[in-house]
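Engineer: Using the numbering used here, read the sequence shown as starting at 2 and increasing by one per residue. All C-beta atoms in this analysis are idealised placements derived from N, C-alpha and C, irrespective of residue type, glycine included. First the structure, which I've put down as structure tokens, then a few questions once you've had a look.
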Amino acid sequence: MELYSRVSDTPTAAEAVYDFVLVAAGDAFTEAEVSAALDLPKTTTHVALSALVAKGLVVQERVGRTGRYSVDPADPLTRQLKIARAIRMVQQAILPLRDELDLVVLFGSASRGEDRQGSDVDILVVAHDAASVQASLAQHQWLQPVVLTPERHMVLIAEDGTLAKETARGITIWKKR
2 MELYSRVSDT PTAAEAVYDF VLVAAGDAFT EAEVSAALDL PKTTTHVALS ALVAKGLVVQ
62 ERVGRTGRYS VDPADPLTRQ LKIARAIRMV QQAILPLRDE LDLVVLFGSA SRGEDRQGSD
122 VDILVVAHDA ASVQASLAQH QWLQPVVLTP ERHMVLIAED GTLAKETARG ITIWKKR
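So, in structure tokens, the structure goes:
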């Protein structure tokens, strides 16, 4: 699946289906459930799921005559793709603010590919005008930013508490040069 921006931001049916199943890793869906959730024709959904199963990206389990489709949340590829998806979403969210930011770190469950559907995405943001950045990021309801000034960030590091340790294990998405 394509993780990078293309000329068109509209995903193919297979990409939309895979993204839907990936976000809900661990849950299984019927073709009808996927079709309804994505507002795709049933035939399009069937073709997309068949292609994803053939590529080994989605697992099909038969329950009677009904197929249930899922991805394995423990699969390293699933985790890495979920991480890449979270990184891409954060990159897009911070793009208009990059000139104001000193540092952005993805941490928590999304940085480990362990997030579930509906989970928020935790980021540490270091910026001189923390209040302005916090207000700008508030429009992204899925985002849980911890916005600190550079001085407060240094205090956080010195205190070496849980947040400092979590962010140290995180993924640096943006760092001012």
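Nearest CA to the CA of Val54: which residue from Ile172, Tyr70, Lys43?
Structural biologist: The count along the sequence shown starts at 1 and reaches residue 54 at position 53. If we check each option's Cα against that of Val54, Tyr70 comes out closest.
Engineer: Could you give the first and the last residue of the continuous alpha helix (DSSP H) run that contains Ala87?
Structural biologist: As a working note, residue 87 is residue 86 in the sequence shown. Counting along the chain, the alpha helix (DSSP H) containing Ala87 begins and ends at 77-95.
Engineer: In the DSSP output, which residue or residues are listed as bridge partners for Ile124?
Structural biologist: For the purposes of this step, residue 124 is taken as residue 123 along the sequence shown, with counting starting at 1. Answer is Leu107, Pro146.
Engineer: Out of curiosity, what's the CA-to-CA distance linking Thr11 and Leu125?
Structural biologist: Translated into the one-based positions of the sequence shown, residue 11 becomes position 10. Translated into the one-based positions of the sequence shown, residue 125 becomes position 124. So the alpha carbons of these two residues sit roughly 29 Å apart.
Engineer: Return the residue from the list Ala49, Leu23, Arg113 that minimises the CA-CA distance to Ala33.
Structural biologist: Numbered from its first residue, the sequence shown carries residue 33 at position 32. Closest by C-alpha distance to Ala33, out of Ala49, Leu23, Arg113, is Ala49.
Engineer: Quick one: what does DSSP say Ser36 is sitting in, helix, strand or coil?
Structural biologist: Residue numbering aside, residue 36 sits at position 35 when the sequence shown is read from its first letter. Helix at Ser36.
Engineer: Compare the beta carbon distance of Pro151 and Val127 with 8 Å and say whether it is the shorter of the two.
Structural biologist: Mapped onto the sequence shown, residue 151 falls at position 150. Mapped onto the sequence shown, residue 127 falls at position 126. A contact, by the Cβ cut-off of 8 Å.
Engineer: By the 10 Å Cβ neighbour count, where 16 or more other Cβ atoms means buried, how is Leu78 classified, buried or exposed?
Structural biologist: In the sequence shown, the residue the question calls residue 78 occupies position 77. Leu78 should be labelled exposed.
Engineer: Please report the straight-line C-alpha distance between Leu41 and Leu82, rounded to a whole angstrom.
Structural biologist: Counting from one through the sequence shown, the residue named residue 41 turns up at place 40. Counting from one through the sequence shown, the residue named residue 82 turns up at place 81. Using only the alpha carbons, I get a separation of about 23 Å.
Engineer: Can you say whether Val59 is buried or exposed, counting buried as having 16 or more other CB atoms within 10 angstroms of its CB?
Structural biologist: Counting from one through the sequence shown, the residue named residue 59 turns up at place 58. That one is buried.
Engineer: Rounding to the nearest angstrom, what Cα-Cα distance links Leu144 and Leu138 in this structure?
Structural biologist: Counting from one through the sequence shown, the residue named residue 144 turns up at place 143. Counting from one through the sequence shown, the residue named residue 138 turns up at place 137. Answer to the nearest angstrom: the Cα atoms are 8 Å apart.
Engineer: Do Ile88 and Leu107 come within 8 Å of each other at the CB atom, strictly closer than that value?
Structural biologist: Walking along the sequence shown from the start, residue 107 turns up at place 106. Walking along the sequence shown from the start, residue 88 turns up at place 87. Yes, the pair counts as a contact, with Cβ atoms nearer than the cut-off.
Engineer: Who does Tyr70 pair with in a DSSP beta bridge?
Structural biologist: In the sequence shown, counting from the first residue as 1, residue 70 sits at position 69. DSSP, once it has assigned bridges, lists Phe30, Gln61 as partnering Tyr70.
Engineer: Using only the alpha-carbon positions, how far apart do Leu157 and Lys43 sit?
Structural biologist: The residue labelled residue 157 in the question sits at position 156 within the sequence shown. The residue labelled residue 43 in the question sits at position 42 within the sequence shown. Near 52 Å, if we compare the C-alpha coordinates of Lys43 and Leu157.
Engineer: What does the Cβ neighbour count give for His129, buried or exposed, with the cut at 16 atoms within 10 Å?
Structural biologist: Here residue 129 is taken as the residue at index 128 of the sequence shown, counted from 1. Exposed, since its Cβ has fewer than 16 Cβ neighbours within 10 Å.
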